[in-house]
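Chains as they are written, first to last, in this note's numbering: chain V, 299 to 623; chain W, 655 to 1181. A virtual CB, placed ideally from N, CA and C, is assigned to each residue, including glycine.
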């Protein structure tokens, strides 16, 4: 290479590096600007219920629940607190893909040290692309990618204020459904003869994410547990088998509330809000009761009911009894 | 695989790196490998269609070469009747071309129109006693089949015409047909234009890398800031047009046209930009179409490569065919020098516009769309002498700015109506929407605009307008001979980087992506 060419190449490389660094610095600065200054929807936070976990006192939660709508309709942290004393939070969000669940898990465990992380299994079958996971990583590293649309609502305080988390969710992430629409549960967990050996495949990328999340849970000292909540629409024998196989291979505890020894006695005429898709309040009471008892019995979870630091949980329970039950 | 984060962040940088480090003679192999990887990733086993098209056109090219060799040998014999020999071999060559056309259009029809053809044939089959309905086999659509089939056929026809030498390198033909940037939406390249640069293996230069990257981000900006932002509104109105008055429907037609332009031309910018990085100059597909003064001119500026393909491979062959020549001659005698050839050329024009409509799909709205432009362009030709003499009598200067603006506005109205029909969910819906504009046009909806349900708030409106001003200014300057991209490239390093960084940050902040938006696939990929 000629000397002049070499100089030009070095110049071009340095220029590219400098420009890349400039873009990165600009994105970091924009991220600070666009990041919502409070974890409330009116400040631009997405999935306020799940992000309410940021408003919980540091290291106050024992159990975290992750998953899609099956999760946030089924597990009621307040009920489990009332009956069994441990403190939990439901990080379920609408149509949650695993990459987002993973992001919420990391977000929550920045200030929490849960002993148990429950992953509701419907999310394992929600497909996603490598682009989505990459985009989630970008959003986690540089929040401007998640909150860029706040350019529409920026206020002077966004330039000066440090983010705070004043919002906490009264129901601890649980979302109550009151409607009652009966389901036909006839044989939804039956194995069709020709399908006896077949199982629905957990998509490869989901499996990798699940393994990554399990490893992460272990690394922070939390026990991962897979739970399938009752659903005639979303659950079946093939999915059960697939998760059972994965759990056996990885040594993770798996509980299926649809069948077998952990089956919860769901009244499909009264306990579902939308013909077997989701649990309603009545169904979630049964699920929360069973799961709360199981976790309390099998894991050494603390009882915070007499703890002064958890006084506001009792206030929330009073509200919960009035509003939900 | 295309136009997503994984492509731009992984596949494209890897391609550039692999191309740069590969020995010059193997660089085209890198491009071919990546092209086939991308195609397989998107279309899986349907890659057999691409392979079949490639092999068939390659073999037909060789076959034509062999016939031409024999012809030349026969012509070299002393005393040969040259004309007769030429005719005889030309006939053979025509058979080969016909074989390539039938085979490849057959593949295209099988993938794209089989369901439609069966639905048309069903009543006849039913009458013939064949049990109906017949379910069309679910084959699927290989990525970009409408685009690469046309490219492949243009190669065979160009070999037949002698404008391209038959290529004995299968790899080069395969790369010409499958080059990954143009696989999604074209442009529909020609062998004579791109094949050589594809296999030259020139190195990646600073200028090409910068210009290519700038063009890619410019395309992404048009798509993400304008097109994808308008998508939810356009979809809401076109899917539920009965709920809206004519004013909103007219706005939807205008915004759909803008969306389609920013989406399609943006995707083409990305393709051309990627090609530029590898020093492959893909043809332009748009040339400021909204500055057109007539519908005919519009189609010389919009989806240029498709129009040029139909002109070269349908219009000219039909209009220069013996029956058409006879018709032209007879019509000239009867209707004069203007109307005679015009009427005769209408046969070729009809074939072009019927083909153009059908190329987009078998839906009735597409056929109507093609016929709409056929009629308008014919009418334009018919009334032109009348318009000229009327303008002269009224003392109107047809080159004056007001008259040119009038022509442009008229053309835009024609385009908006055409795109409304094109986008509508069927011809019936399109006609009902037009009827609503004609009979129920009010501006009432704008005073009680609900940004939440219409998916467009004041901020969206402002950012779309701001971006369109930039697009307009760049187009205007280009129209007047100033290429902004080249101008930027001639500036200092600092200026060039600032422009690129500002463009990237504008996309990051103002792009319609992420939580509040549904991703929109490149719109022409469906065709």
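- For residue 703(W), the enclosing alpha helix (DSSP H) covers residues 701-730.
- For residue 940(W), the three-state secondary structure derived from DSSP is strand.
- Nearest to residue 848(W) by C-alpha distance, out of 839(W), 833(W), 862(W), 857(W), is 833(W).
- Residue range 521-526 is occupied by the beta strand (DSSP E) that includes residue 524(V), with no alpha helix (DSSP H) assigned at that position.
- Rounded to the nearest whole angstrom, the C-alpha separation of residue 1130(W) and residue 942(W) is 8 Å.
- Counting along the chain, the unbroken alpha helix (DSSP H) around residue 1085(W) starts and ends at 1081-1093.
- For residue 432(V), a Cβ of chain W is located within less than 8 Å of the residue's own Cβ.
- Contact between residue 571(V) and residue 479(V) holds: their C-beta atoms lie close to 6 Å from each other, under 8 Å.
- Against chain V, a Cβ distance below 8 Å from residue 1168(W) picks out 433, 437, 443, 444, 446, 447.
- Excluding the 5 residues flanking it on each side, residue 982(W) has same chain C-beta neighbours closer than 6 Å at 995, 998, in chain order.
- The CB of residue 317(V) comes closer than 8 Å to the CB of 1151, 1154, 1155 in chain W, given here in chain order.
- Counting C-beta pairs with one atom in each stretch, the region 1024-1032 of chain W and the region 1004-1016 of chain W have three or more that are closer than 8 Å, which means they touch.
- Taking C-beta separations shorter than 6 Å and ignoring five residues to either side along the sequence, the partners of residue 856(W) in its chain run 933, following chain order.
- Relative to residue 374(V), the option among 556(V), 428(V), 591(V), 561(V) whose CA is nearest is 591(V).
- Residue 558(V) and residue 870(W) have their C-alpha atoms roughly 56 Å apart.
- For residue 860(W), a Cβ of chain V is located within less than 8 Å of the residue's own Cβ.
- Your pair residue 837(W) and residue 693(W) checks out as a contact, with CB atoms roughly 6 Å apart and the cut at 8 Å.
- In the three-state DSSP reduction, residue 837(W) falls in the coil class, being neither helix nor strand.
- For residue 428(V), the closest Cβ of chain W is nearer than 8 Å.
- Taking 8 Å as the threshold, the shortest C-beta distance from residue 1164(W) to chain V falls below it.
- At a Cβ-Cβ threshold of 8 Å, residue 469(V) and residue 497(V) do not count as neighbours.
- Residue environment for residue 666(W): buried (at least 16 other C-beta atoms within 10 angstroms of its C-beta).
- Residue range 375-382 is occupied by the alpha helix (DSSP H) that includes residue 382(V).
- Using a Cβ-Cβ cut-off of 7 Å, residue 321(V) is close to 1155, 1158 of chain W, given in chain order.
- Here the C-alpha atom of residue 992(W) lies approximately 9 Å from the C-alpha atom of residue 1039(W).
- With its beta carbon less than 8 Å from one in chain V, residue 658(W) belongs to the interface.
- Counted as a single uninterrupted DSSP element, the beta strand (DSSP E) harbouring residue 363(V) occupies residues 361-364.
- Annotation: residue 963(W) to residue 937(W) spans about 12 Å, alpha carbon to alpha carbon.
- If you draw a straight line from the Cα of residue 1157(W) to the Cα of residue 875(W), it is about 8 Å long.
- Put simply, the CB of residue 1109(W) is far from chain V, with every gap to its CB atoms at 8 Å or more.
- Identification of chain V residues near residue 1113(W) by a Cβ-Cβ cut-off of 7 Å yields 450, ordered along the chain.
- The region 357-375 of chain V makes no contact with the region 323-337 of chain V, as fewer than three CB pairs between them are under 8 Å.
- Residues of the region 1134-1149 of chain W with a C-beta atom less than 7 Å from some C-beta of chain V are 1147, listed in chain order.
- Annotation: residue 736(W) to residue 746(W) spans about 16 Å, alpha carbon to alpha carbon.
- Residue 613(V) and residue 376(V) have their C-alpha atoms some 10 Å from each other.
- Among the residues of chain V, none has a CB under 9 Å from the CB of residue 949(W); the nearest is roughly 38 Å distant.
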